[in-house]
Amino acid sequence: NAGVMQNPRHLVRRRGQEARLRCSPMKGHSHVYWYRQLPEEGLKFMVYLQKENIIDESGMPKERFSAEFPKEGPSILRIQQVVRGDSAAYFCASSPRTLPGETQYFGPGTRLLVL
Amino acid sequence: EDKVVQSPLSLVVHEGDTVTLNCSYEVTNFRSLLWYKQEKKAPTFLFMLTSSGIEKKSGRLSSILDKKELFSILNITATQTGDSAIYLCAVDNAGGTSYGKLTFGQGTILTVHP
């Protein structure tokens, strides 16, 4: 059973470009979470999605950021018109359900560098 | 605002030492507390704690939760260089709602010298 997969592992963008980060949850997992880790900081929750639904996006910046988890295919975190402050590691986690006792399993992250 | 605070922020020890990492929290709807180990890639799950006073063990690692005092400790005995990592504490504060949103502390950077 493959773990959570993210790609690309490293992404370099110039200011103003778009970044698209992909996350394939573990097989059988239908809940996906995105977290951002800024340099020298802990992970910060961004958004929680189930298939075709955004459940909680309270941690997403109001502008330029969007996320989706289509019926088929990976979850996508999209950052439009990137700025230097978007440089961070973006982690995706998945779980089979959100009952007490369920653990979130993390992917290897995508390290975004904005030049 | 929900808050998870870890201490110390960094720790340097020698192989064979025992270390204790601390995590305190203030959250509105506590459901569980989790410890993760992060090396150069994905945080890997160590423990999930939901009940006070019950120690969880895995090899040289152990952890316990105090829900009255709102903290948890992670102990590592007989440390090895492979224990060098960032140790993350997170609280699942979804409570009665149906999602597992984690609030993370800033992490403790542990360095174990040979």
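As you go down the protein sequences, you meet chains A and B in turn.
For reference, each letter of the first sequence is one residue, going 1311 to 1425 in the numbering used here.
For reference, each letter of the second sequence is one residue, going 2 to 115 in the numbering used here.
The beta-carbon is built from N, C-alpha and C at its ideal position, and this holds for glycine as well.
- Rounded to the nearest whole angstrom, the CA to CA distance from lysine 1381 (chain A) to serine 1340 (chain A) is 10 Å.
- Taking the Cα positions, leucine 1359 (chain A) is about 23 Å away from serine 1397 (chain A).
- Excluding the 5 residues flanking it on each side, glycine 1326 (chain A) has same chain C-beta neighbours closer than 6 Å at Gln1391, in chain order.
- Under the DSSP definition of a beta bridge, asparagine 23 (chain B) partners with B:Ser8 and B:Ile74.
- Residues are counted here when their Cβ sits less than 8 Å from a Cβ of chain B; for the segment 1333-1348 of chain A these are His1341, Tyr1343 and Tyr1345, given in chain order.
- The three-state secondary structure of aspartate 18 (chain B), taken from DSSP, is coil.
- Judged by DSSP secondary structure, threonine 104 (chain B) falls within the beta strand (DSSP E) whose first and last residues are 103-105.
- In this structure, DSSP gives aspartate 3 (chain B) a state outside helix and strand, which the three-state scheme calls coil.
- Less than 7 Å separates the beta-carbon of alanine 1403 (chain A) from that of tyrosine 1343 (chain A).
- Nearest C-alpha to leucine 10 (chain B) among A:Glu1378, A:Gly1352, A:Arg1407 and A:Val1393: A:Gly1352.
- Here valine 5 (chain B) is buried. Its C-beta has 16 or more other C-beta atoms within 10 Å.
- Residues of the segment 39-58 of chain B that bring their beta carbon within less than 7 Å of a beta carbon in chain A comprise Lys42, Ala43, Pro44, Phe46, Met49 and Thr51, in sequence order.
- In this structure threonine 80 (chain B) is in contact with valine 113 (chain B), their Cβ atoms being roughly 5 Å apart against a cut-off of 8 Å.
- Among the residues of the segment 4-34 of chain B, those with a Cβ less than 9 Å away from any Cβ of chain A are Val5, Gln7, Arg32 and Ser33, in the order of the chain.
- For proline 44 (chain B), the enclosing beta strand (DSSP E) covers residues 44-50.
- Glycine 1417 (chain A) and glutamate 1378 (chain A) have their C-alpha atoms some 17 Å from each other.
- Arginine 1330 (chain A) sits in a strand when the DSSP states are folded into three classes.
- From the beta-carbon of threonine 112 (chain B), no residue of chain A is found nearer than 9 Å; the closest lies around 16 Å away.
- Taking CB atoms only, threonine 1420 (chain A) has no neighbour in chain B less than 7 Å away.
- Taking serine 25 (chain B) as the centre and dropping the five residues before and after it, the same chain places the C-beta of Val6, Leu71 and Phe72 closer than 7 Å to its C-beta, in chain order.
- Interface criterion met: the Cβ of glutamine 107 (chain B) is under 7 Å from a Cβ in chain A.
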